[in-house]
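Student:
Numbering (our numbering), first residue to last: 915 to 1069.
Next up, the structure:
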């Protein structure tokens, strides 16, 4: 499993806004602070705005602010706005091979595994908020996933 550069940079951009005095920054401010191009930050901010995580103000004093407090925006929401779910609903159609329908449709142990992993990752990330990440680097605590609970989702 990998997270994309857009997801990583998107989280960084949101953390810059969340930590800024007044909670408001321009694209150029964010780009300078994160050593990214203005074009890259603009693309990321469009996705975050479309995902309902930031609002933009136009004009000479324009910029971006969070739509909610950092304690109300979780990492799962951010990643979904930037890249979508780990296991999208159309996954099986996209990997059907040469057929229109997967040859394993109806009996696929892989699908149940991917759905279970997606659920576990989503649950862990939904418990981590931007406010948690604003604190200086330290280990982030995730709730333990009981192997029995995972086994139940696989069956």
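Ideal Cβ positions, reconstructed from N, Cα and C, are used throughout, including at glycine. Since the structure is predicted, the reported quantities are computational estimates derived from the model, not experimental observations.
List the residues that DSSP assigns as beta-bridge partners of residue 939.
Tutor: 978
Student: Return the first residue and the last residue of the beta strand (DSSP E) that residue 970 is part of.
Tutor: 968-971 is the extent of the beta strand (DSSP E) around residue 970.
Student: Please confirm if the segment 1020-1040 is in contact with the segment 964-971, defined as three or more CB-CB distances below 8 Å between the two stretches.
Tutor: no
Student: Report the residue from 1026, 992, 973 and 977 whose alpha carbon sits nearest the alpha carbon of residue 922.
Tutor: Measuring from the Cα of residue 922, the nearest candidate turns out to be 992.
Student: So, with DSSP's three-state summary, where would you put residue 1069?
Tutor: For residue 1069, the predicted structure reports a pLDDT of 48, less than 50, and the residue's modelled location is therefore unreliable. A value from the coordinates is still provided. The answer is coil: DSSP assigns residue 1069 none of H, G, I, E or B.
Student: CB residue 995 to CB residue 924, shorter than 9 Å?
Tutor: yes
Student: What's the C-alpha gap between residue 1030 and residue 975?
Tutor: 46 Å
Student: When we look at the beta-carbon of residue 1048 and count the other beta-carbons within 10 Å, is it buried (16 or more) or exposed?
Tutor: Burial call: exposed.
Student: Label residue 945 either buried or exposed according to how many other C-beta atoms from any shown protein chain fall within 10 Å of its C-beta, with 16 as the threshold for buried.
Tutor: Residue 945 comes out buried.
Student: Mapping the DSSP letters down to three states, classify residue 1021 as helix, strand or coil.
Tutor: coil
Student: Quick one: is residue 985 buried, meaning 16 or more other Cβ sit within 10 Å of its Cβ, or exposed?
Tutor: exposed
Student: Identify the continuous alpha helix (DSSP H) that holds residue 1046 and give its terminal residues.
Tutor: Run containing residue 1046: 1044-1048, per the alpha helix (DSSP H) assignment.
Student: Rank 1035, 932 and 1046 by C-alpha distance to the C-alpha of residue 979 and give the top, closest one.
Tutor: Comparing Cα positions, the closest option is 932.
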